[in-house]
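Asker: The structure's right below; bear with me while I get my questions together.
2 protein chains.
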Amino acid sequence: MEIKTYLNEQRQQVEKYLIDLVLEPVGTFSKHIESMRYSLFAGGKRIRPILCLAAAAAVDSKEDTFQRALPVGCALECIHTYSLIHDDLPAMDDDDLRRGKPTNHTVFGEAAAILAGDGLLTFAFDLLSGPVSAATPDSARIRIIQTIARAAGPLGMVGGQSLDMIYAGKLVGYDELRSIHRSKTGALITASVVSGAIVAGADEAQEEALKTYGDNIGLAFQIVDDLLDVEATTEQLGKPAGSDIKSDKVTYPSLFGKETSRTMAREAVQEALAALTLFDKQADPLRALANYIVERNK
Amino acid sequence: MEIKTYLNEQRQQVEKYLIDLVLEPVGTFSKHIESMRYSLFAGGKRIRPILCLAAAAAVDSKEDTFQRALPVGCALECIHTYSLIHDDLPAMDDDDLRRGKPTNHTVFGEAAAILAGDGLLTFAFDLLSGPVSAATPDSARIRIIQTIARAAGPLGMVGGQSLDMIYAGKLVGYDELRSIHRSKTGALITASVVSGAIVAGADEAQEEALKTYGDNIGLAFQIVDDLLDVEATTEQLGKPAGSDIKSDKVTYPSLFGKETSRTMAREAVQEALAALTLFDKQADPLRALANYIVERNK
């Protein structure tokens, strides 16, 4: 399959759904909603929703399943977007550019940006429990909410961002690097895949296999992110290249060198692919995604 | 009933449960968890969990129902606490004191305080979907999550805080004041009562009556808050008195004067009590709470 075509098609479906789904910027809360929408429609790659949709399709390729996976994917994108808005704040990484555009707080101010993040995080759980996801059985919805809340929470993404701040500028080893990555980036990527599995009614073996796939592509994704920060240009990244070095962050290339890091990313992708052996060609998008993650250049 | 004794007993039950429930500040994420716990155990009155428990008891006074309402109440308290941490930030109200103690960001720094809020908000949805609330039917859990996410989100509490920032220092009228209060404070108070009703298996009429009760005590609560800001001492409030005047905020007393504001609060309490006529003495705690809200001095 042609991965770029696939990604484009999926991204368009996700964005079409998101545009209809997310609150209109009118009425009493229009300013707040506008600030949420600004970051939500600022050119994200929609990797997490696409992973969720692809995992659901690997288990069950029916159109109905795809439709039920869409709101779950959009909730994941809301959570990812909130995390970027808060990470970019002056008190955190203090970034002015994200995906080539001014960050939320540089456009709307710091207070509005904090609230845009809070609003998106809360709205994600509104979607997962609201009318748009009513066609999925309640037991599956509860498991999806639990999977995502656990992955995004104090022992997951938020905890990871906290570690990232605590360790910034300090010499840390591989254990700490792994902890940061697993929680800050890996947990939500795995949750994207697993929640797609749950929405499609995966059995235990399928869910376990998809979890292994998610863990491994999450790792590969982060290693490649670290490599791109060293190798890519600012134009390619849409944010300043070399920012990890500037902020003295320990990364895969800084610990292992570029060659070994690239090998580690490829090995993780092999592990991810190996976990998919129990799926037939319905899992081909997941296979293509794994390869794309390690070969991408932004 | 003796309301102070009742409140003390309930508060102790909530805190005992919270202490057991919330993550231990050990291991990889100990710093982050410590910052969450700091604000969670900083002397809150636990009004929202107590309202949730009292509403549940009005519908069904069995011990099992009380036990199932506890995690819901604790989730509400996590959300309330996160909102206070974010409201106090330098970019928002820039407050140094809360309940007589240094605010989260003055102790842990701004980045950690933003993350403590994010962690508590996400953890609330973890509790509502996790093993601690597994004894409640999934259909009720989904409705509770929806009720709370809607009330706390962009059209509720977060939206209200956004309005509060936008209108600060501007001359606004009663309509804007009502919008701010309904969303910023009222929505989560109503959700506390309604989620208690749902966890206890209320029928439609009971749930509707409790919603009316919640809307009205939410209004009374906010009017009294405004009055206390003018009338109480800094020592009573645990935060600087007169801060609404200092920050040029429109309040009930500034629009209507103290006497009329107090009358409006009492009328709202009467409406709240009237909504409870279909309940027997099991709703006495709710009745006492309504009166307490308007008579309290902090």
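Protein chains in written order, with my numbering: chain A, 1 to 298; chain B, 299 to 596.
Just so you know, even glycine gets a beta-carbon here, dropped at the ideal spot from N, CA and C.
Treat the numbers as computed from the prediction; the structure is a model and nothing was measured.
Per DSSP, which residues does lysine 399 of chain B bridge with? Please list them.
Answerer: As a first step, residue 399 of chain B must be located in the second sequence, where it is residue number 101. Looking at the DSSP assignment, lysine 399 of chain B forms a beta bridge with B:Arg396.
Asker: Indicate the three-state DSSP secondary structure (helix, strand or coil) for valine 470 of chain B in the structure shown.
Answerer: For this step, residue 470 of chain B is matched to residue 172 along the second sequence. Looking at valine 470 of chain B - three-state DSSP - the assignment turns out to be coil, as it is neither helix nor strand.
Asker: Three Cβ pairs or more, each shorter than 8 Å: is that satisfied between the region 155-171 of chain A and the region 207-215 of chain A?
Answerer: The region 155-171 of chain A is not in contact with the region 207-215 of chain A.
Asker: May I ask you to list, following chain order, the residues of the region 138-153 of chain A that have a beta carbon less than 7 Å from some beta carbon of chain B?
Answerer: Those residues of the region 138-153 of chain A placed with their C-beta closer than 7 Å to a C-beta in chain B are Asp138, Ser139, Arg141, Ile142, Ile145, Gln146, Ala149, Arg150, Ala152 and Gly153, ordered along the chain.
Asker: On the DSSP letters alone, give me the boundaries of the alpha helix (DSSP H) that asparagine 306 of chain B sits inside.
Answerer: Along the second sequence, one-based indexing puts residue 306 of chain B at 8. That run of the alpha helix (DSSP H) goes 301-319.
Asker: Which of the three DSSP states, helix, strand or coil, is assigned to leucine 278 of chain A?
Answerer: Numbered from its first residue, the first sequence carries residue 278 of chain A at position 278. Looking at leucine 278 of chain A - three-state DSSP - the assignment turns out to be coil, as it is neither helix nor strand.
Asker: Which same chain residues end up closer than 6 Å to glycine 160 of chain A when comparing Cβ atoms and leaving out the 5 residues on each side of it in sequence?
Answerer: The residue labelled residue 160 of chain A in the question sits at position 160 within the first sequence. Contacts found: Ile180, Ser183 and Lys184.
Asker: Taking 8 Å as the CB-CB limit, is leucine 177 of chain A close to chain B?
Answerer: For the purposes of this step, residue 177 of chain A is identified with residue 177 of the first sequence, where counting begins at 1. So no, leucine 177 of chain A is outside the interface.
Asker: Between proline 131 of chain A and the ligand PLP, is the CB less than 7 Å from at least one heavy atom?
Answerer: Because no ligand of any kind appears in the structure shown, any question about the ligand PLP cannot be addressed here.
Asker: Runs of 4 residues minimum, wholly inside the region 547-596 of chain B: which ones carry the alpha helix (DSSP H) assignment?
Answerer: If we require 4 residues or more, the alpha helix (DSSP H) runs fully inside the region 547-596 of chain B come out as 550-554, 556-572 and 582-593.
Asker: For a cutoff of 8 Å on Cβ pairs, would you count valine 26 of chain A as touching chain B?
Answerer: The count along the first sequence starts at 1 and reaches residue 26 of chain A at position 26. No, its Cβ sits nowhere closer than 8 Å to a Cβ of chain B.
Asker: So for aspartate 324 of chain B, helix, strand or coil by DSSP?
Answerer: What you label residue 324 of chain B is simply residue 26 of the second sequence in a count that begins at 1. Checking the sequence, you will find valine at residue 324 of chain B rather than aspartate. Correct three-state label for valine 324 of chain B: coil.
Asker: Assess, as a yes-or-no matter, whether the region 449-458 of chain B is touched by the region 26-37 of chain A under the definition of 3 or more beta carbon pairs within less than 8 Å.
Answerer: yes
Asker: Closest Cβ-Cβ distance between serine 254 of chain A and chain B: below 8 Å?
Answerer: For this step, residue 254 of chain A is matched to residue 254 along the first sequence. For serine 254 of chain A, the answer is no, since every Cβ of chain B falls outside 8 Å of its Cβ.
Asker: For the alpha helix (DSSP H) that threonine 445 of chain B lies in, which residues bound it at each end?
Answerer: Within the second sequence, the letter at position 147 stands for residue 445 of chain B. Note, threonine 445 of chain B: alpha helix (DSSP H), 436-450.
Asker: Given a limit of 7 Å on CB to CB distance, which residues of the region 305-335 of chain B reach chain A?
Answerer: Leu321, Thr326, Phe327, Lys329, His330, Ile331 and Met334
Asker: Go ahead and label glutamine 365 of chain B buried or exposed: buried means 16 or more other beta carbons lie within 10 angstroms of its beta carbon, across all protein chains shown.
Answerer: Taking the second sequence and counting its residues from 1, the one referred to as residue 365 of chain B is at position 67. Classification of glutamine 365 of chain B: exposed, given that the 10 Å Cβ count is below 16.
Asker: Beta carbons nearer than 9 Å to chain B: which residues of the region 106-119 of chain A have them?
Answerer: Gly109, Glu110, Ala111, Ala112, Ala113, Ile114, Leu115, Ala116, Gly117, Asp118 and Gly119
Asker: Determine which residues of the region 376-389 of chain B have a Cβ less than 9 Å from any Cβ of chain A, and write them out in chain order.
Answerer: Of all residues in the region 376-389 of chain B, Ile377, Tyr380, Ser381, His384, Leu387, Pro388 and Ala389 have a Cβ within less than 9 Å of some Cβ in chain A.
Asker: How would you write the range of the alpha helix (DSSP H) that threonine 483 of chain B sits in, first residue to last?
Answerer: Looking up residue 483 of chain B in the second sequence gives position 185. Per DSSP, threonine 483 of chain B belongs to no alpha helix (DSSP H) and is neither H nor E.
Asker: Could you tell me the alpha carbon to alpha carbon distance between aspartate 164 of chain A and aspartate 248 of chain A, rounded to whole angstroms?
Answerer: Locating residue 164 of chain A in the first sequence gives position 164, where the first residue counts as 1. Locating residue 248 of chain A in the first sequence gives position 248, where the first residue counts as 1. When rounded, the distance between both Cα atoms is 11 Å.
Asker: For valine 107 of chain A, which residues from the same chain have a beta carbon less than 7 Å from its beta carbon, with the 5 sequence-adjacent residues on both sides left out?
Answerer: As a working note, residue 107 of chain A is residue 107 in the first sequence. Cβ neighbours of valine 107 of chain A beyond the five flanking positions: Tyr38.
Asker: Just curious, the alpha helix (DSSP H) that methionine 165 of chain A is in, first and last residue?
Answerer: Sequence index remark: in the first sequence, residue 165 of chain A carries index 165 (1-based). Run containing methionine 165 of chain A: 157-167, per the alpha helix (DSSP H) assignment.
Asker: Can you give me, in chain order, the residues of the region 453-471 of chain B that have a beta carbon less than 9 Å from any beta carbon in chain A?
Answerer: Of all residues in the region 453-471 of chain B, Leu453, Gly454, Met455, Val456, Gly457, Gly458, Gln459, Ser460, Leu461, Met463 and Ile464 have a Cβ within less than 9 Å of some Cβ in chain A.
Asker: DSSP on methionine 92 of chain A, reduced to helix/strand/coil?
Answerer: On the first sequence, position 92 is the one that residue 92 of chain A refers to. Looking at methionine 92 of chain A - three-state DSSP - the assignment turns out to be coil, as it is neither helix nor strand.
Asker: Taking alanine 570 of chain B as the reference, which of B:Gln580, B:Ser559, B:Leu584 and B:Thr558 has the closest Cα?
Answerer: For the purposes of this step, residue 570 of chain B is taken as residue 272 along the second sequence, with counting starting at 1. Of the residues B:Gln580, B:Ser559, B:Leu584 and B:Thr558, the one whose Cα lies closest to the Cα of alanine 570 of chain B is B:Leu584.
Asker: With a threshold of 16 other CB atoms inside 10 Å of the CB of glutamine 310 of chain B, please say whether the residue is buried or exposed.
Answerer: Taking the first residue of the second sequence as 1, we reach residue 310 of chain B at position 12. Glutamine 310 of chain B should be labelled exposed.
Asker: Show which residues of chain B have a CB atom less than 8 Å away from the CB atom of leucine 121 of chain A.
Answerer: By one-based count along the first sequence, residue 121 of chain A stands at place 121. Going along chain B in sequence order, the residues near leucine 121 of chain A (Cβ under 8 Å) are Asp416, Leu419 and Thr420.
Asker: Determine whether the beta carbon atoms of alanine 498 of chain B and alanine 340 of chain B lie at a separation below 8 Å.
Answerer: Counting from one through the second sequence, the residue named residue 498 of chain B turns up at place 200. Counting from one through the second sequence, the residue named residue 340 of chain B turns up at place 42. For alanine 498 of chain B and alanine 340 of chain B, no; Cβs fall outside 8 Å.
Asker: Is glycine 499 of chain B helix, strand or coil by DSSP?
Answerer: Within the second sequence, the letter at position 201 stands for residue 499 of chain B. In this structure, glycine 499 of chain B counts as coil in the three-state DSSP scheme.
Asker: Since proline 347 of chain B is in the alpha helix (DSSP H), which residue starts that stretch and which ends it?
Answerer: By one-based count along the second sequence, residue 347 of chain B stands at place 49. Run containing proline 347 of chain B: 345-357, per the alpha helix (DSSP H) assignment.
Asker: To the nearest angstrom, how far is the alpha carbon of glutamate 34 of chain A from that of threonine 122 of chain A?
Answerer: For this step, residue 34 of chain A is matched to residue 34 along the first sequence. For this step, residue 122 of chain A is matched to residue 122 along the first sequence. Glutamate 34 of chain A and threonine 122 of chain A: Cα-Cα distance of roughly 16 Å.
Asker: Using a Cβ cut-off of 9 Å, pull out every chain A residue sitting near phenylalanine 577 of chain B, in sequence order please.
Answerer: Counting from 1 along the second sequence, the entry for residue 577 of chain B is found at position 279. By Cβ distance, chain A contributes nothing, its closest Cβ being about 27 Å from phenylalanine 577 of chain B, past 9 Å.
Asker: For a quick check, are the C-beta atoms of serine 129 of chain A and isoleucine 345 of chain B less than 8 Å apart?
Answerer: For the purposes of this step, residue 129 of chain A is taken as the residue at position 129 of the first sequence. For the purposes of this step, residue 345 of chain B is taken as the residue at position 47 of the second sequence. Contact flag unset, no.
Asker: My guess is that alanine 409 of chain B and methionine 334 of chain B are in contact by the Cβ rule of under 8 Å, so how many angstroms apart are they, rounded?
Answerer: Within the second sequence, numbered from 1, the residue matching residue 409 of chain B stands at position 111. Within the second sequence, numbered from 1, the residue matching residue 334 of chain B stands at position 36. In fact, because the Cβ distance is near 14 Å, the residues do not count as touching under 8 Å.
Asker: Inspect the CB distances between the region 363-380 of chain B and the region 486-493 of chain B and report whether three or more fall short of 8 Å.
Answerer: The way I'd put it, the region 363-380 of chain B does touch the region 486-493 of chain B; three or more beta-carbon pairs between them come closer than 8 Å.
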